[in-house]
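Since the structure comes first, as structure tokens, the remarks are kept for the end.
Protein chains: 2
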Amino acid sequence: MRSLVTDQAEVQVSLEALDVPVPGPDQVLIRVEAAPINPSDLGLLFAGADLSKATAGGTADRPVIRAPLPPAAARATRQRVGQPLPCGNEGAGTVVATGSSDAVRRLAGKTVAVAGGGMYAQYQCADAAFCLVLPAGVDAVAGAASFVNPMTVLGMVETMRDEGHTALIHTAAASNLGQMLNRVCIEDGIPLISIVRSAAQVKLLTGQGAQHVLDSTTESFMDDLTAAIAETSATIAFDAVGGGLLASRILTCMEAALSAGSPYSRYGSPIHKQVYIYGSLDRGTTDLTRNFGFAWGVGGWLLTPFLAKAGLPRITAMRERVAASLTTTFASSYAGRLSLAEALQPDAAATYARTATGTKYLIIPNENATAAAAR
Amino acid sequence: MRSLVTDQAEVQVSLEALDVPVPGPDQVLIRVEAAPINPSDLGLLFAGADLSKATAGGTADRPVIRAPLPPAAARATRQRVGQPLPCGNEGAGTVVATGSSDAVRRLAGKTVAVAGGGMYAQYQCADAAFCLVLPAGVDAVAGAASFVNPMTVLGMVETMRDEGHTALIHTAAASNLGQMLNRVCIEDGIPLISIVRSAAQVKLLTGQGAQHVLDSTTESFMDDLTAAIAETSATIAFDAVGGGLLASRILTCMEAALSAGSPYSRYGSPIHKQVYIYGSLDRGTTDLTRNFGFAWGVGGWLLTPFLAKAGLPRITAMRERVAASLTTTFASSYAGRLSLAEALQPDAAATYARTATGTKYLIIPNENATAAAAR
């Protein structure tokens, strides 16, 4: 699958027929059996296009989806115009060929997961060093999402600890990632405040043992959040929403909780309050009211630079923890499965690109459309 | 001088007659001869009130200025309702009495500068340890502003170095503080990009040797800023404006300069871009467009926590540098002088509270109104 932005401010996502690639000496060739559509895949796939205006083209086997880019999206993707980019950050499958080195040969026949990009494909080569051999009893479907969400969740917890905080706030918290973070925080005894947008999502998370779940659409949200922060001392938040006032409201409530009972200071509480924006469910501007003193920070957060800073021993420990609990703590759930061709139907794209709770899909690259549809 | 926020959403600033205070064993009593009105004083003084609706009251000797607080200002100052707060962060004067300890007695008769608060007063006690003895040839007027602006300027430069940057961007850069930062950067060989809001301010700073001065009101501002960042590699900015899109535009230009010529990455340049907001000339929301990748941070910056982190040896070195150049590098200039009573006239307050370039005033607490007005 390839995503191309044209100089006519249009994105075209299509399937390209290629020869099966040949692995290098330290690589394996994976027959990809499952690859999730994560929110982090959508930006590359559709480049911020307006999918309500998407049109279908091509043939049944080789469909092409086209959609126009609003001006801001066209500006933001100028540098990729004319380059057909491979899609799909992560996935899992069977090693069907290996490079020549001895260390690589022992992976032959194993089921492995990898986050090397280009996984929306029937076959893909990957460096053996980056492959996670799935434990017995974990198939490619269960192991397909073993990298992005699990490592992001653990990266958030590690960042919290590194920066001296002891409790967490998470937004859009009913997502697959949010549910996973809830399970990790319960396991590790970390107080977590989950912010969601509906009563149904509150119910979903409390049903999974979450203690502090707040609906940001309620009247009492600011008071409830302030009370929960006072109880947990959560001074760091990870925000998947990005746009609007949510990050600002979190900082306002942190400041209210921290300064309650203290003598007035025009500079606010000296305790640092941090919001990291790691997603962009709302693409509008982030608006900060700055009524929360001067000891605050808002910044971008991404898994890759965190891992680069963390270093290999820590990454290895994180991966081992994930591998040991792929069907429990780090399990993902999907609304359905799609073949490569099905993923390029405008209706399907409009559904999975909503990134709403319960609309996460799995691509099954090596089944034909009929078999996948029958499920 | 005392500032009081009432429960009727009004600020009242007035003069209170007090006995001359008696210094503690390790304190000195200072006859205050000059105290600047810094932007950082105005928040405490007027609590965000609407000064266009200010009214004068009291008597000629003991005037009272009253002004209503807009709802947001009233909310932000709830914790100080009913407490008359002393005003004036810093100033200088003569030590007219000392505490009993030997170390303190040798300050008798000296001209000292101090940033201990409550300096809009005829007499004020201060801890001797925090007093800077002004060098020969530097009087109280020249030494009145020897703490807030000079230490802020040096704190910015030190923060830049601590966080691994090599060049600086500064906004509202024609201010006293901005001119001082320009002189320090020239001395230290640090590339500085100064952002101002008029051609006259461009001329002012270039006349003082500044190399990169950009007018944010021009059509070509974004292109000019991107080019200046590409030339200087400035990846940290200190922003006194706070509200609006300026911080966001700076990050956008940093990203454009950093990613120029690189292959497309949907996550943007991996080089961290930082904007610290240290003022609030625009009290509106800070709006971030987030079209600058994920390696960015926006945060509050204040002198006091910086100094707390820096530690005493570094603070001492900074203070020594300031003391040695108070009439050159670290000199301030004033639009005029005001007595305590004059500072409480609505017309005067409306002028100095504008915090526009060239409207910085000095309070002379121990002259009567007539003498000060004659100058």
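Sequence lines, in order, name chains R and U.
Count along the first sequence starting at 1, add 1, and that's the number in this note's numbering.
Count along the second sequence starting at 1, add 1, and that's the number in this note's numbering.
Glycine is no exception: its CB is placed at the ideal position from the N, C-alpha and C atoms.
For Val14/R, no CB of chain U lies under 8 Å from its own CB, so it is not counted at the interface with that chain. The beta carbons of Arg291/R and Ser281/U sit closer together than 8 Å. Interface annotation, Asp42/R: not in contact with chain U, CB-CB separation never under 8 Å.
Val82/R and Gln9/R have their C-alpha atoms spaced approximately 9 Å apart. For Thr290/R, the secondary structure class from DSSP, reduced to helix, strand or coil, is coil.
With contacts defined by Cβ atoms closer than 8 Å, Gly298/U and Gly298/R form a contacting pair. Counting along the chain, Ser15/R sits inside the beta strand (DSSP E) bounded by residues 11-15. The Cβ-Cβ distance between Thr153/R and Leu133/R does not fall below 8 Å. The contact set of Arg267/U on chain R, defined by CB atoms closer than 7 Å, consists of Gly44, Leu45 in chain order. Per the DSSP secondary-structure output, Val115/R pairs in a beta bridge with Gly92/R.
Listed in chain order, the non-local C-beta contacts of Ala146/U below 6 Å within the same chain comprise Pro37, Ser333, local neighbours out to five positions each way being set aside. When the five nearest sequence neighbours on each side are left out, the beta carbons in the same chain lying within less than 8 Å of the beta carbon of Ala18/U are those of Arg63, in order along the chain.
When His273/U, Tyr353/U, Ala173/U, Gly312/U are compared, the shortest CA-CA separation from Phe307/R is found for His273/U.
Judged by pairs of C-beta atoms under 8 Å, the segment 232-248 of chain R touches the segment 189-207 of chain R, as three or more such pairs exist. DSSP places Leu252/R inside the alpha helix (DSSP H), whose first and last residues are 247-260.
DSSP, reduced to helix, strand and coil, places Ile191/U outside both helices and strands of the structure shown, so it counts as coil. With the rule of 3 Cβ pairs closer than 8 Å, the segment 312-332 of chain R does not count as touching the segment 66-73 of chain R. Taking a Cβ-Cβ threshold of 9 Å, none of the residues of chain R is close to Thr356/U; the smallest such distance is about 15 Å. Taking the Cβ atoms as the reference, Gly144/R lies roughly 19 Å from Gln28/R, outside the contact range of under 8 Å. The C-beta of Val299/R comes closer than 8 Å to at least one C-beta of chain U. By the neighbour-count criterion, in which 16 or more other beta carbons inside 10 Å mark a residue as buried, Asp42/U falls on the buried side. Chain-order list of chain R residues neighbouring Asn292/U: Ala73, Arg76, Ala77, by C-beta distance under 8 Å. Linking Thr7/R to Gln13/R through their CA atoms gives a straight-line distance of about 8 Å.
Per the coordinates, the alpha-carbon of Gly89/R lies some 43 Å from the alpha-carbon of Pro271/R.
Assigned with DSSP and collapsed to three states, Asp62/U falls in coil, not helix or strand. About 17 Å separates the beta carbon of Ile66/U from that of Pro366/U, a gap too long to meet the 8 Å contact definition. With fewer than 16 other CB atoms across the displayed protein chains lying within 10 angstroms of its CB, Val23/R is exposed. Counting only the Cα atoms, Asp224/R lies some 18 Å from Pro192/R. Residues Leu30, Arg32 of the same chain have their beta carbon placed closer than 6 Å to that of Val97/R, with the five preceding and five following residues left out of the count.
Within the segment 96-172 of chain U, the complete alpha helix (DSSP H) runs of at least 4 residues fall at 103-106, 141-144, 149-163. Shown here, Val242/U sits in coil according to DSSP, grouped into three states, outside any helix or strand.
Residue contact check for Leu289/U against chain R: a CB pair falls below 8 Å. Of the residues Leu182/R, Asp189/R, Ala173/R, the one whose Cα lies closest to the Cα of Ala200/R is Ala173/R.
The CB of Thr286/U comes closer than 7 Å to the CB of Asp288, Leu289, Thr290 in chain R, given here in chain order. Pro85/U is not a Cβ neighbour of Glu11/U, given a cutoff of 8 Å. The three-state reading of DSSP puts Ser281/R in coil, since its state is none of H, G, I, E or B.
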